[in-house]
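Chemist: Please find one structure pasted underneath; my questions will follow.
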Amino acid sequence: MSYKKTPDLKAKYEKDHKIIPIPETRTVVNYEEKKLQQDLKQAEDHLRNSHSNSQIEKSIEKYMEIRLRCLHYQDSWNAIYFNHKCINLTKRYNLIKPLIHVLITMGDCFAGSGKSGPAISANTNDLILSMIFKEESKTLVNNYNDIITFYSNL
Amino acid sequence: METEIYSSLIKLYEDLAAQQENHNHYDQAIEFLNKQLENIENLSKINKDKGSEKKNQIDVYLKVANLNFQLKHYEETLNCLKILQPLITGEDFSNVSSNKDF
């Protein structure tokens with residue numbers, strides 16, 4: 054199975070951070086490594102102090118930032134790892150809205166192309182995986198009110 | 093969020109159908125095209141701009157009709173064309189049909 058970067062997310066990262074990264078340059082790598090360690094520490098601190106769902110959500114946000122950075126450097130495996138970590142967290146704490154979001158982004162990881170780009174050459178298994186995550190997010194969106202009522206009655 | 097989900101699913105099913113068609117797996121391609129249609133319909137329910145969805149629907153129905161024809165499923169081909177007719181006349185040729193009345 055091949056895991057490809059998603060060009061749209063890469064473009065978004067560049068736009069959001071207003072930078073033209075040069076991965077070959079050691080200073081950029083050093084900066085990124087330092088930033089990654091900081092972000093990981095922050096995410097884990099939020100998790101350790103997770104007295105409320107908002108702390109968990111902050112942690113998820115941090116992991117998703119790391120995921121985006123991984124994608125930027127075409128490190129699809131780690132992007133999927135962090136995205137999956139977020140899926141597990143949102144499921145564990147019944148955070149439905151963030152869960153929908155992280156399922157969509159997980160689907161993007163496997164989509165193999167941007168919204169307008171051709172994906173004929175993409176791996177069929179990857180596209181099917183992408184479809185599974187997107188379909189799951191669709192089911193959650195369509196049953197959102199029922200799910201919220203269910204959890205509020207627990 | 094719904095729009096984003098439906099749009100990406102439409103694109104995904106389109107890609108999957110194209111892949112299957114390239115491998116001459118027409119049955120599976122039709123299955124994915126039907127899923128694509130389902131999502132186009134869902135998107136058109138929440139989207140105000142119905143024009144583009146209708147055009148997409150027509151394109152997909154044409155593909156399904158063509159694949160069914162290649163599979164020699166003539167009844168299904170005919171069904172697709174029956175669905176297509178009001179879609180096309182309603183969309184592009186409404187003026188032509190009203191002119192006929194004169």
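Quick note, the sequences are listed as chains H and P, same order.
With the first sequence counted from 1, adding 53 to any position gets you our numbering.
With the second sequence counted from 1, adding 92 to any position gets you our numbering.
The beta-carbon is built from N, C-alpha and C at its ideal position, and this holds for glycine as well.
1) Would you call the CB atoms of Y146 (chain H) and I109 (chain H) closer than 8 Å?
2) Can you pull the chain H neighbours of I97 (chain P), defined as C-beta to C-beta under 7 Å?
3) Would you give the residue range spanned by the alpha helix (DSSP H) that L156 (chain H) belongs to?
4) Going along the stretch 131-147 of chain P in order, which residues come within less than 7 Å of chain H, judged by CB to CB distance?
5) Can you tell me whether N131 (chain P) is helix, strand or coil according to DSSP?
6) Does the count of Cβ pairs from the stretch 92-102 of chain H and the stretch 116-134 of chain H closer than 8 Å reach three?
7) Does N139 (chain P) come out as helix, strand or coil in the three-state DSSP assignment?
8) Chain H partners of L101 (chain P), CB-CB under 8 Å?
9) Note down, in chain order, every chain P residue with its Cβ under 7 Å from the Cβ of A132 (chain H).
10) Mark S205 (chain H) as exposed unless 16 or more other C-beta atoms lie within 10 angstroms of its C-beta, in which case mark it buried.
11) Considering S107 (chain H), what are the terminal residues of the alpha helix (DSSP H) in which it resides?
12) Measuring CA to CA, which of H:V155, H:Y126, H:K191 is closest to I97 (chain P)?
13) Tell me which same chain residues have a C-beta within less than 8 Å of the C-beta of Y153 (chain P), skipping the five on either side of it?
14) Under the rule that 16 or more other beta-carbon atoms within 10 Å means buried, what is H115 (chain P), buried or exposed?
15) Could one say the Cβ of D69 (chain H) lies closer than 8 Å to chain P's Cβ atoms, at least one of them?
16) Can you find a CB in chain P that lies within less than 8 Å of the CB of L180 (chain H)?
17) Taking all protein chains shown into account, decide if T181 (chain P) is buried (16 or more other Cβ within 10 angstroms of its Cβ) or exposed.
18) Reducing DSSP to helix, strand and coil, say where L93 (chain H) ends up.
19) If you follow the alpha helix (DSSP H) that H117 (chain P) is in, where does it begin and where does it stop?
20) Is the beta carbon of I181 (chain H) sitting closer than 8 Å to the one on I149 (chain H)?
21) Please work out which residues of its chain come closer than 7 Å, Cβ to Cβ, to W143 (chain H), disregarding the five sequence neighbours upstream and downstream, and give them in chain order.
22) Interface residues of chain P around I153 (chain H) at Cβ under 7 Å?
23) Anything in chain H within Cβ reach of L104 (chain P), meaning under 7 Å, just list it in chain order.
Modeler: In short, the structure shows the following:
1) It is a contact, given that the beta carbons lie within the stated cut-off.
2) Under the 7 Å cutoff, chain H gives I157, K187, S190, K191, V194.
3) Element bounds for L156 (chain H): 149-164.
4) Listed by position along the chain: nothing, the set is empty.
5) N131 (chain P): helix per DSSP, three-state reduction.
6) Between the stretch 92-102 of chain H and the stretch 116-134 of chain H, the count of Cβ pairs shorter than 8 Å is three or higher; the stretches touch.
7) In the three-state scheme derived from DSSP, where H, G and I count as helix and E and B as strand, N139 (chain P) is classed as coil.
8) Under the 8 Å cutoff, chain H gives M184, K187, E188, K191.
9) Result: empty, since nearest Cβ-Cβ is about 17 Å, beyond 7 Å.
10) Per the 10 Å Cβ criterion, exposed.
11) S107 (chain H) -> alpha helix (DSSP H) spans 106-125.
12) The shortest C-alpha separation from I97 (chain P) is found at H:K191.
13) Closer than 8 Å at Cβ, skipping near neighbours: L129, C172, I175, L176, L179.
14) With fewer than 16 other CB atoms across the displayed protein chains lying within 10 angstroms of its CB, H115 (chain P) is exposed.
15) Residue contact with chain P for D69 (chain H): absent (no Cβ-Cβ distance below 8 Å to any residue of chain P).
16) Cβ-Cβ to chain P under 8 Å: yes for L180 (chain H).
17) Counting Cβ neighbours within 10 Å, T181 (chain P) comes out exposed, since fewer than 16 surround it.
18) In the structure shown, L93 (chain H) adopts helical secondary structure according to DSSP, grouped into three states.
19) Here H117 (chain P) belongs to no alpha helix (DSSP H), and DSSP marks it neither H nor E.
20) Going by C-beta atoms, I181 (chain H) is not nearer than 8 Å to I149 (chain H).
21) Strictly speaking, residue 143 (chain H) in this sequence is Thr, with Trp absent from that position. If the five residues before and after T143 (chain H) are omitted, its C-beta is found closer than 7 Å to the C-beta atoms of I113, P151, L152, V155, all from its own chain and listed in chain order.
22) For I153 (chain H), the chain P residues whose C-beta falls within less than 7 Å of its own C-beta are M93, listed in chain order.
23) Using a Cβ-Cβ cut-off of 7 Å, L104 (chain P) is close to A164, L180, S183, M184, K187 of chain H, given in chain order.
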